[in-house]
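Engineer: If you want my numbering, it's the 1-based position in the sequence shown plus 75. Think of the CB as a built atom: it goes at the ideal place given N, C-alpha and C, for glycine as much as any other residue.
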Amino acid sequence: MSRRIANIGMLTALAMIFSYVEMLIPINFGIPGVKLGIANLVIVVGLYMMREKDVLIISLLRIILMSCLFGNGISLLYSLSGGLLSFTVMAAAKRIKSFGISGISIAGAVSHNAGQIIAAAIVIGNKSIFYYFPVLTVAGVVTGLFIGILSARILAGIKGHVNFMVES
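#1: Kindly indicate which residue of N147, G112, M125, L135 has the alpha-carbon position closest to the one of A182.
#2: Under 6 angstroms Cβ to Cβ from A194, same chain only, skipping five residues before and after it: list those, please.
#3: Given this structure, state the Cα-to-Cα distance separating I138 from F208, to the nearest angstrom.
#4: Are I118 and S134 touching if we call contact CB-CB under 7 angstroms?
#5: Within its chain, find whatever has a CB closer than 7 angstroms to the CB of F205; leave out the 5 residues flanking it on each side and keep chain order.
#6: Assign I149 to one of three DSSP states: helix, strand, or coil.
#7: In whole angstroms, give me the CA-to-CA distance for G219 and L225.
#8: Run the CB neighbour count on S125, radius 10 Å, all protein chains shown included, and call it buried at 16 or more, exposed below.
#9: Closest to V130 by C-alpha separation, out of L86, I171, C143, would be which residue?
#10: Quick one, which of V198, C143, F221 has its alpha-carbon nearest I74's?
#11: Quick check: the Cα distance between R228 and I132, rounded to an integer number of angstroms?
#12: Using CA atoms only, rank isn't needed, just tell me which of E97, L122, L89, L230 is closest to K172.
#13: In the DSSP assignment, the alpha helix (DSSP H) including A196 goes from what residue to what residue?
#14: Hey, quick one: how far does the alpha helix (DSSP H) through G121 stretch, first residue to last?
#15: Does the beta-carbon of K202 have 16 or more other beta-carbons within 10 angstroms, so that it is buried, or is it exposed?
#16: Are the Cβ atoms of V164 and S186 separated by less than 7 angstroms?
#17: How many Å lie between F93 and A114 at the Cα?
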């Protein structure tokens with residue numbers, strides 16, 4: 076149990092570091108709100124190495140702590156909406172076993188954008204924001220593919236050690 080808690084803490088910290096580094100990198104994709112989603116590396120890899128509920132805890136802790144440190148109530152709402160939908164879709168896609176790592180990552184990125192758009196439409200009370208979704212979908216496919224490729228490389232690099240984090 077203590078090893079499991081330590082792994083959750085370590086990976087939450089790593090995801091927070093990735094989120095913070097991403098905030099510092101002045102990458103402008105020309106599309107407001109588009110990010111690489113580097114912290115999602117931890118979530119995608121975690122889905123293959125840990126229990127789903129532990130990965131969900133990591134995702135929620137990262138979102139809540141980063142919002143407390145660098146965001147506000149609205150950013151927490153948007154991040155939770157995107158993060159919860161993304162996690163749910165990725166976990167379901169992994170269980171279906173018809174998707175590879177990149178497919179799962181792409182599904183997560185696109186659904187993260189969908190969750191945020193839905194939350195924004197509710198907050199501002201205007202459905203016109205959904206016109207922005209096709210642009211975010213293309214961005215989600217590109218960034219999701221990038222994170223998926225990196226996740227696959229990380230997992231391949233630790234092949235043979237895949238179960239080191241899963242505690243029975």
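Structural biologist: Taking the definition as stated:
#1: Taking the first residue of the sequence shown as position 1, residue 182 is located at position 107. Comparing Cα-Cα distances from A182 to each of N147, G112, M125, L135, the minimum goes to G112.
#2: For the purposes of this step, residue 194 is taken as residue 119 along the sequence shown, with counting starting at 1. Correct list, in chain order: L152, Y153, S156.
#3: In the sequence shown, residue 138 corresponds to position 63, counting from 1. In the sequence shown, residue 208 corresponds to position 133, counting from 1. Counting only the Cα atoms, F208 lies some 22 angstroms from I138.
#4: The residue given as residue 118 occupies position 43 in the sequence shown. The residue given as residue 134 occupies position 59 in the sequence shown. Yes; because the gap between Cβ atoms is below 7 angstroms, this pair is in contact.
#5: Your numbering for residue 205 matches position 130 in the sequence shown. Result list for F205: I192, A196, in chain order.
#6: Here residue 149 refers to the residue found at position 74 when the sequence shown is read from its first residue. When DSSP states are grouped into helix, strand and coil, I149 belongs to the helix group.
#7: What you label residue 219 is simply residue 144 of the sequence shown in a count that begins at 1. What you label residue 225 is simply residue 150 of the sequence shown in a count that begins at 1. Cα-Cα distance, rounded: 10 angstroms.
#8: For the purposes of this step, residue 125 is taken as residue 50 along the sequence shown, with counting starting at 1. The residue you asked about is not Ser; residue 125 is Met in the sequence shown. Classification for M125: buried.
#9: Counting from 1 along the sequence shown, the entry for residue 130 is found at position 55. Ranking the options by Cα distance to V130, first place goes to L86.
#10: A question about residue 74 goes unanswered here, because the residues of the chain that appear run from 76 up to 243.
#11: Within the sequence shown, numbered from 1, the residue matching residue 228 stands at position 153. Within the sequence shown, numbered from 1, the residue matching residue 132 stands at position 57. R228 and I132: Cα-Cα distance of roughly 24 angstroms.
#12: Reading the sequence shown from its first residue, position 97 is the one you call residue 172. Here the closest residue by C-alpha is L122.
#13: Counting from 1 along the sequence shown, the entry for residue 196 is found at position 121. Per DSSP, A196 belongs to the alpha helix (DSSP H) from 176-199.
#14: To locate residue 121, count along the sequence shown from 1; it is residue 46. Where G121 is concerned, the enclosing alpha helix (DSSP H) stretches over 115-124.
#15: Taking the sequence shown and counting its residues from 1, one reaches residue 202 at position 127. Exposed: under 16 other Cβ atoms inside 10 Å.
#16: Looking up residue 164 in the sequence shown gives position 89. Looking up residue 186 in the sequence shown gives position 111. Contact: yes.
#17: Walking along the sequence shown from the start, residue 93 turns up at place 18. Walking along the sequence shown from the start, residue 114 turns up at place 39. When rounded, the distance between both Cα atoms is 5 angstroms.
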